[in-house]
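Number of protein chains: 2
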Amino acid sequence: MSHDFGPAVGLSCRECGARYPLGPSFACLECFGPLEAAYEFGNVTRADIESGPANIWRYRSLLPVPADVATKPNMNPGWTKLVKAGNLGQALGIKSLYVKDDSGNPTHSFKDRVVAIAVEAARNFGFHTLSCSSTGNLAGAVTAAAARAGLDACVFIPANLEAAKIAMARVFGGKLIGIDGTYDEVNRFCSELIGDPLGDKWGFVNVNLRPYYAEGSKTLAYEIAEQLGWRLPEQIIIPIASGSQLTKIDKGFKELVALGLVEDTPYKVFGAQAAGCSPVSTAFKAGHDVVQPVKPDTIAKSLAIGNPADGPYVLDIARRTGGAVEDVTDPEIVAAIKLLASTEGIFAETAGGVTVGVLKKLAESGRLDPEAETVVLNTGDGLKTLDAITGDDAKPTAVIRPSLDAFRAAV
Amino acid sequence: MSHDFGPAVGLSCRECGARYPLGPSFACLECFGPLEAAYEFGNVTRADIESGPANIWRYRSLLPVPADVATKPNMNPGWTKLVKAGNLGQALGIKSLYVKDDSGNPTHSFKDRVVAIAVEAARNFGFHTLSCSSTGNLAGAVTAAAARAGLDACVFIPANLEAAKIAMARVFGGKLIGIDGTYDEVNRFCSELIGDPLGDKWGFVNVNLRPYYAEGSKTLAYEIAEQLGWRLPEQIIIPIASGSQLTKIDKGFKELVALGLVEDTPYKVFGAQAAGCSPVSTAFKAGHDVVQPVKPDTIAKSLAIGNPADGPYVLDIARRTGGAVEDVTDPEIVAAIKLLASTEGIFAETAGGVTVGVLKKLAESGRLDPEAETVVLNTGDGLKTLDAITGDDAKPTAVIRPSLDAFRAAV
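So the sequences go chain by chain: D and U. In terms of numbering that gives the first Met the number 0, the numbers along the first sequence are unbroken and rise by one, the last being 410. In terms of numbering that gives the first Met the number 0, the numbers along the second sequence are unbroken and rise by one, the last being 410.
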């Protein structure tokens, strides 16, 4: 069977550089390092990209997908808004601030980007079932994309997820299996299943399709740069779950420079974690190169990966670019969700509360340059983590009879 | 104070044609008919529009907004996906079917379109507070838009709304007042408040700003036509709450024809209601011109307007174009939500269950031409009406220990 992955010509080990043919493999046979897509890019121009569709396929010549990808049934995510956040910037003393708002994706999280690439890989490999381990957002993104693409779906989640994420993953059909355990246990279970005949012809988007899937995060870098008018931001705040998104955004920026699509200007990468699951932040602050796994306990469930695979790469990037990794507590997350909502009209998931909370913490402690152009990511939607909004915040200001007197008394 | 409403040059009475200057007025002083924006359009070309931003402001020369509208802080809604729904079409025997998916708007409903226009009107009139009566979606759209625009917000809802809609309206700040009563009672209360000094300098988006606000729905017509490659669909299914959206989509199609932007081809307009609030459907079936108010009782709360102001106009349009008005029961609404989700990966609000349910009913009863190009609207997001997904549908297929044996036993 011949594969068509467009500009991607092979897989290469991130650790030792060993090369492999394009296939559903994810670990180096020599050193067990993670495999990632390797490209031979053609001549890519701004004009080519700008004439493409208003979704991630405008960057198809930079992704492991065939040239005709946009003609197949797919969720067509991306090209989400880069919101000029003047009010939030003013509140935090940052002159030029933008929110990259990925809640505008089809299932309202950035996961639609990575899954869209994985769907193409599943088609290429002739898989019939799309699967994943998920902290919630990914499960909905996978079951929705499978429905659109005409694939079966069977996805795995920790059984204690937010009700909204469960209902959303279920409504698209397919099988939704709750696992009694943490996300890391769900993940290990999926690795077992891949080796079992039960999992034959299954594409686990974040396991055996991971080298393709992970590339989807590069589109965040491409979009931010294009939406800024083809230049790199000077500071960017990115949430850390596995750390993959952060490393791929860095990769995307470097590709744009290498291809001459943007100028080679310096940028600082800041990683954001919840205090209840902050192994990378802890390692950064301690000056360690190794990330010590933790047992997550935070309302930011979409970031609750206690053993982040790309943690060491995140540390490298934060240190190399002059950025940092910081974390915020659950109350700080909730406060940040409300701050973003009331200044910019954007209702973020808890993960967005983490990035905005870290933005605030970095700004207040003088670790951000207030004059530098800054982008903060919101990767999900507040409607999926409504549990974070509780008590009086979840109720009307007042409940009254329909009369002017009652209204006067209430306000 | 001089106003700038772009191509809009006045207000005119929809009933008697009387003309008024642009102002925060909504009812004809002579006949009490509704006022709407009247235009003198310049030369508008497809190329002008196509070079505009990927939001409703690409149509600014067809809307009551100043030419520089895109430079001001605004939610910038619109340009949502027109999804080629091959799987759903196949399931229903419709050859060429599209879903216009307005859940992709900033607060995940079509209301962002109308509110964006109202914000510009509020700025024009020097109002400091943005307000509305709402069945839920509008409250969130107004409080979010006010936050972004730097206006105060005070919005009014029936106190028994879905929890997600309440939390979402509240998180953006401003005052959220629950009224013990139906939407129609909330609406009457707002009309009282406008006449009271308490409501001075308040812009009620769907009352005293209604002539501007309502024009936002025209952008659905423009986008559908442009996204189809500058042509009108042959059949379109639109939900009916007040009926305003349906009448404005018809107006939008007619404007495109008048301006020579699309060919003058016939289209049939179908209105969709929930059986538990179906005054327009009832009148259509009985052959009446008058719509008898009802007391709503349906899970489709965003369509639960028992006394729809534009009902008679909807009847006119459905009859003139050879369409129809139909309704579906609450169980049919839930089934349609699941059908759309499992075929196309789109999780619709109950209002989307109404339109897809009506689409199915019309198709099965032979009242749709299966060969004709058909568009069905999804105007909101399933995450806001999660109460509709209950019982086993809201739970994992199975909950198991993380072992292959447990998985084998479960599947």
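Glycine included, C-beta positions come from ideal geometry on N, C-alpha and C. On a predicted model such as this, the values are computed, not experimentally measured, just so you know.
What are the residues in the segment 399-410 of chain U lying within 8 Å of chain D by C-beta distance?
Correct list: ILE399, ARG400, PRO401, SER402, LEU403, PHE406, ARG407, ALA409 and VAL410.
* Asked: Shorter than 8 Å from the beta carbon of ASN136 (chain U) to some beta carbon of chain D?
  -> No - not a single Cβ of chain D is within 8 Å of the one on ASN136 (chain U).
Three-way DSSP call (helix, strand, coil) for ASP326 (chain U) in this model: ASP326 (chain U) sits in a strand when the DSSP states are folded into three classes.
### Task
Closer than 7 Å by C-beta to PRO232 (chain D): which residues in its own chain qualify, once you throw out the five before and the five after it? Chain order, please.
Counting only Cβ-Cβ distances below 7 Å, and skipping sequence neighbours, we find ILE223, TYR266, GLU372, THR373 and VAL374.
Report the neighbours of ILE176 (chain U) on chain D: residues whose CB is nearer than 9 Å to its CB, in chain order.
Those are PRO395, THR396, ALA397, VAL398, ILE399, PHE406, ALA409 and VAL410, listed as they occur along chain D.
For GLU14 (chain U), return the contacting residues in chain D, with the cut-off set at a CB-CB distance below 7 Å. The premise fails here: GLU14 (chain U) is roughly 28 Å from chain D at the closest Cβ pair, so nothing lies under 7 Å.
Please identify, using Cβ separations under 8 Å, the residues of the segment 68-81 of chain D that lie next to chain U, in order along the chain. Cβ contacts with chain U: PRO72, MET74, ASN75, TRP78 and LYS80.
Run of the alpha helix (DSSP H) containing GLN226 (chain D), from where it starts to where it stops
Its alpha helix (DSSP H) spans residues 217-226.
Where the beta strand (DSSP E) through TYR97 (chain U) begins and ends:
Per DSSP, TYR97 (chain U) is one residue of the beta strand (DSSP E) stretching across 96-100.
Mapping DSSP to helix, strand and coil, what is ASP249 (chain U)?
DSSP places ASP249 (chain U) in helix when its eight states are reduced to three.
With a CB to CB cut of under 6 Å and the five nearest residues on each side skipped, what residues in its chain are close to VAL261 (chain U)?
The beta carbon of VAL261 (chain U) is closer than 6 Å to those of ALA224, TRP229, ARG230, LEU231 and LEU255 in its chain, skipping five residues each way along the sequence.
Between D:ALA17, D:SER24, D:CYS27 and D:ALA36, which lies nearest to GLY9 (chain D) when the distance is taken from Cα to Cα?
-> For GLY9 (chain D), the nearest C-alpha among the options comes from D:ALA36.
Scan the segment 85-171 of chain U and note each continuous alpha helix (DSSP H) run of 4 residues or more that stays entirely inside, going in chain order. The qualifying runs are 85-91, 110-124, 136-148 and 162-170.
(message) Could you compute how far the alpha carbon of THR349 (chain D) sits from the alpha carbon of SER133 (chain D)?
(response) Roughly 16 Å between the two C-alpha positions.
Practice item. Measuring only between beta-carbons, confirm whether LEU412 (chain U) sits less than 8 Å from chain D. Key: With chain U running from 0 to 410 in the structure shown, residue 412 (chain U) is simply not present.
Practice item. Quick one: grab the DSSP three-state call for CYS12 (chain D). Key: CYS12 (chain D) sits in a strand when the DSSP states are folded into three classes.
Q. Are PHE25 (chain D) and ARG209 (chain D) touching if we call contact CB-CB under 8 Å?
A. Yes, the pair counts as a contact, with Cβ atoms nearer than the cut-off.
Taking the alpha carbon of ALA340 (chain U) as the reference point, which residue from U:ALA66, U:VAL43, U:GLY85 and U:ARG122 has its own alpha carbon closest? Sorting U:ALA66, U:VAL43, U:GLY85 and U:ARG122 by C-alpha distance to the C-alpha of ALA340 (chain U) places U:GLY85 at the top.
How would you label VAL410 (chain U), buried or exposed, when you count the other beta carbons within 10 angstroms and need 16 or more for buried? It is exposed - the Cβ of VAL410 (chain U) has fewer than 16 other Cβ atoms within 10 Å.
- Query: In chain order, what residues of the same chain have a beta carbon less than 6 Å from the beta carbon of THR342 (chain D), not counting five sequence neighbours either side?
  - Reply: Counting only Cβ-Cβ distances below 6 Å, and skipping sequence neighbours, we find ASN86, LEU87 and ALA90.
Counting along the chain, where does the alpha helix (DSSP H) carrying GLU35 (chain D) start and finish? Element bounds for GLU35 (chain D): not the alpha helix (DSSP H) but the beta strand (DSSP E), 34-38.
Requested in this report: Give a yes or no on whether 8 Å exceeds the smallest Cβ distance from PHE283 (chain U) to chain D.
Outcome: With respect to chain D, the C-beta atom of PHE283 (chain U) has no partner C-beta closer than 8 Å.
Q.
Which same chain residues end up closer than 8 Å to GLY242 (chain D) when comparing Cβ atoms and leaving out the 5 residues on each side of it in sequence?
A. Correct list, in chain order: GLY270, VAL279, PRO307, ALA308, ASP309, GLY310, TYR312 and VAL313.
Using the C-alpha atoms, what's the distance from VAL118 (chain U) back to TRP46 (chain U)? The displayed chain sequence assigns Ala, not Trp, to residue 46 (chain U). Using only the alpha carbons, I get a separation of about 27 Å.
**Asked** If you run the structure through DSSP and keep just helix, strand and coil, what is THR342 (chain U)?
**Response** THR342 (chain U) carries a helical assignment under DSSP once its states are collapsed to helix, strand and coil.
Point to revise | For THR44 (chain U), three-class secondary structure by DSSP | key: The answer is coil: DSSP assigns THR44 (chain U) none of H, G, I, E or B.
Quiz item: If you compare alpha carbons, which of U:TYR58, U:ALA317 and U:GLY149 is closest to ARG112 (chain U)?
Solution: It is U:TYR58 whose Cα lies nearest to the Cα of ARG112 (chain U).
**Euclidean distance between Cα positions of LEU81 (chain U) and VAL98 (chain U)** = Note on geometry: alpha-carbon atoms of LEU81 (chain U) and VAL98 (chain U) lie some 6 Å from one another.
Notebook entry, point to check: Is there a Cβ from chain D that is less than 8 Å from the Cβ of SER108 (chain U)?
Noted result: Using a Cβ-Cβ cut-off of 8 Å, SER108 (chain U) does not count as an interface residue toward chain D, since no Cβ of chain D sits closer than that to its own.
*asked:* Can you check whether the C-beta of ASP263 (chain U) is within less than 8 Å of a C-beta belonging to chain D?
replied: Closer than 8 Å: no.
So, is the C-beta of SER341 (chain D) closer than 8 Å to a C-beta in chain U? Chain U, which has a Cβ nearer than 8 Å to the Cβ of SER341 (chain D), makes this yes.
Report task. My understanding is that GLN272 (chain U) touches VAL353 (chain U), with C-beta atoms under 8 Å, so please give their C-beta distance in whole angstroms. Result -> With a beta-carbon spacing of about 7 Å, GLN272 (chain U) and VAL353 (chain U) fall inside the 8 Å limit used to define contacts.
Taking a contact to mean a Cβ-Cβ separation below 8 Å, would you say GLY344 (chain D) touches ALA146 (chain U) in this structure? For GLY344 (chain D) and ALA146 (chain U), yes; Cβs fall inside 8 Å.
Within 8 Å of chain D by C-beta, residues of the segment 316-342 of chain U in sequence order:
Listed by position along the chain: ILE336, LYS337, ALA340, SER341 and THR342.
* Asked: Which of the three DSSP states, helix, strand or coil, is assigned to THR373 (chain D)?
  -> DSSP places THR373 (chain D) in strand when its eight states are reduced to three.
Give the DSSP bridge partners of TYR19 (chain D), in chain order.
-> Answer is D:LEU10, bridged to TYR19 (chain D).
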